[in-house]
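Residue numbers (the UniProt record's numbering): 1 to 358.
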């Protein structure tokens with residue numbers, strides 16, 4: 001190959017710019033040249049190709065066995081001819097006979113070019129896959145491209161991701177070139193590059209946004225112990241501090257609400273309740289029903305049920321619109337919560353007492 005310098009230069013550039021190993025490419029070229037040789041020289045299995053790693057000069061040779069009488073010139077060489085190459089050869093030895101062929105040179109160059117391009121595509125796909133696979137279950141910023149039916153194509157920089165309809169927050173509408181935060185659900189390896197599925201509804205999206213916004217959460221001083229979310233409407237998170245001097249709720253809210261407001265804005269106005277975590281189920285349930293005030297909580301840790309009594313005027317707040325507050329609190333704590341007003345609880349206890357008197 002006369003243009004070995006060009007090949008060397010090309011491989012060096014690819015290694016530097018595309019992060020594709022030169023050795024990997026050289027190996028692929030060697031294999032491609034062997035294929036070209038076999039096609040050109042009758043699919044002989046004795047053809048070997050070697051490319052010098054430093055100069056990129058290659059040599060093609062056939063391994064031939066030294067025999068008395070040549071019956072197959074593709075795999076055999078006479079002793080006399082072998083001695084012409086090197087006098088040391090004896091019968092039965094293997095001689096490397098260099099193949100010189102202009103036609104082969106042309107075929108090989110084209111073949112090598114094709115394989116290099118294919119290998120580049122494969123390596124780039126592998127690098128991209130690994131790069132985004134490492135970001136699985138993490139948050140990335142994407143640029144909205146266009147709607148594909150009801151799904152949204154998002155550009156993540158080097159690849160596109162698909163935000164499917166069932167992972168979109170109801171009512172959210174995106175405009176092209178808009179920047180949005182997304183949670184990477186899954187990265188699959190596909191022939192045209194990694195297939196990336198993203199979400200705007202996953203509870204972990206909120207968790208990761210707090211990790212990015214709140215230093216204490218990122219550093220592990222404040223832990224997000226539990227999270228429940230109804231995307232686009234409301235999220236409840238329970239936080240705990242490993243440092244008695246750090247108020248976990250205050251850290252997540254930030255000065256004048258700056259930290260939580262940044263997340264609310266990213267989630268386009270979704271309400272976020274931040275409450276203190278407690279290992280005591282009754283305290284945790286009381287906190288989880290915030291902003292409603294609670295009179296009493298009786299929790300059964302084994303049955304995972306709780307009876308809660310709230311002031312009459314707080315009942316609708318505790319239950320929430322369409323039961324949302326109670327539902328999110330139940331999901332956050334893992335308890336089935338039964339909420340009654342003081343009047344209802346009094347009525348029930350009076351009924352029980354009257355039954356006892358009968």
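Even glycine gets a Cβ: it sits at the ideal position worked out from N, Cα and C.
These figures come from a predicted structure and were not determined experimentally.
- Shown here, residue 61 sits in a strand according to DSSP, grouped into three states.
- Collapsing the DSSP output to three states places residue 141 in a strand.
- In the same chain as residue 167, and ignoring 5 residues on each side of it, the C-beta atoms closer than 8 Å to its own belong to 185, 197, 198, 199, 200, 201 and 202, in chain order.
- Annotated as proximal: residue 292 and residue 325, with beta-carbon spacing under 9 Å.
- Note on residue 11: 16 or more other CB atoms within 10 angstroms of its CB, so buried under the neighbour-count rule.
- The continuous beta strand (DSSP E) containing residue 224 extends over residues 222-230.
- Relative to the Cα of residue 60, the nearest Cα in the group 14, 294 and 97 belongs to 97.
- For the UniProt domain "K Homology" (302-357), the continuous beta strand (DSSP E) assignments of 3+ residues that do not extend past its boundaries occur at 305-310 and 336-341, in sequence order.
- Excluding the 5 residues flanking it on each side, residue 334 has same chain C-beta neighbours closer than 7 Å at 304, in chain order.
- Nearest neighbour of residue 62 by Cα position, chosen from 56, 137, 55 and 50, turns out to be 50.
- Residue pairing of residue 127 in beta bridges, as defined by DSSP: absent, with no partner found.
- Residue 240 is bridged by DSSP to 223.
- If you check the CB distance, residue 64 and residue 77 come in under 9 Å.
- By alpha-carbon distance to residue 240, the top candidate from 249, 46, 310 and 175 is 249.
- Under the 8 Å Cβ criterion, the segment 174-194 counts as touching the segment 130-140, having at least three qualifying pairs.
- Below 8 Å, enough C-beta pairs join the segment 245-264 and the segment 220-230 to call them touching: three or more.
- In the DSSP secondary-structure assignment, residue 273 is bridged to 236.
- DSSP assignment within the UniProt domain "S1 motif" (135-201) yields the following whole beta strand (DSSP E) runs of 3 residues or more, N-terminal first: 139-148, 151-155, 160-163, 179-188 and 195-199.
- Taking residue 317 as reference, the option from 331, 228, 345 and 288 with the minimal CA-CA separation is 288.
- Cβ neighbours of residue 345 within its own chain (closer than 6 Å, five residues either side excluded): 309.
- The shortest C-alpha to C-alpha distance from residue 194 to any of 54, 127 and 14 is the one to 127.
- Per DSSP, residue 20 lies in no beta strand (DSSP E) segment and is marked neither H nor E.
- DSSP, reduced to helix, strand and coil, places residue 27 within a helical segment of the structure shown.
- Listed as beta-bridge partners of residue 94 by DSSP are 65.
- Going by DSSP, residue 292 is part of no alpha helix (DSSP H) at all; its letter is neither H nor E.
- For the 9 Å CB-CB criterion, residue 295 and residue 281 do not form a contact.
- For residue 216, the number of other beta carbons within 10 angstroms of its own is at least 16, and it is reported as buried.
- For residue 146, the number of other beta carbons within 10 angstroms of its own is below 16, and it is reported as exposed.
- The alpha-carbon separation between residue 209 and residue 31 amounts to approximately 48 Å.
- Ranked by how close their Cα comes to the Cα of residue 130, the residues 276, 206 and 188 have 188 in first place.
- For residue 314, same chain residues with a beta-carbon under 6 Å away, outside a window of 5 residues either side, are 292 and 293 in chain order.
- If you draw a straight line from the Cα of residue 320 to the Cα of residue 328, it comes to about 10 Å.
- Cβ contact annotation for residue 179 (same chain, cutoff 7 Å, sequence separation greater than five): 141 and 143, in chain order.
- Taken through DSSP and simplified to helix, strand or coil, residue 246 comes out as coil.
- For residue 301 and residue 228, the gap between their C-alpha atoms comes out near 20 Å.
- Distance between residue 343 and residue 349, taken at the CA atoms: about 10 Å.
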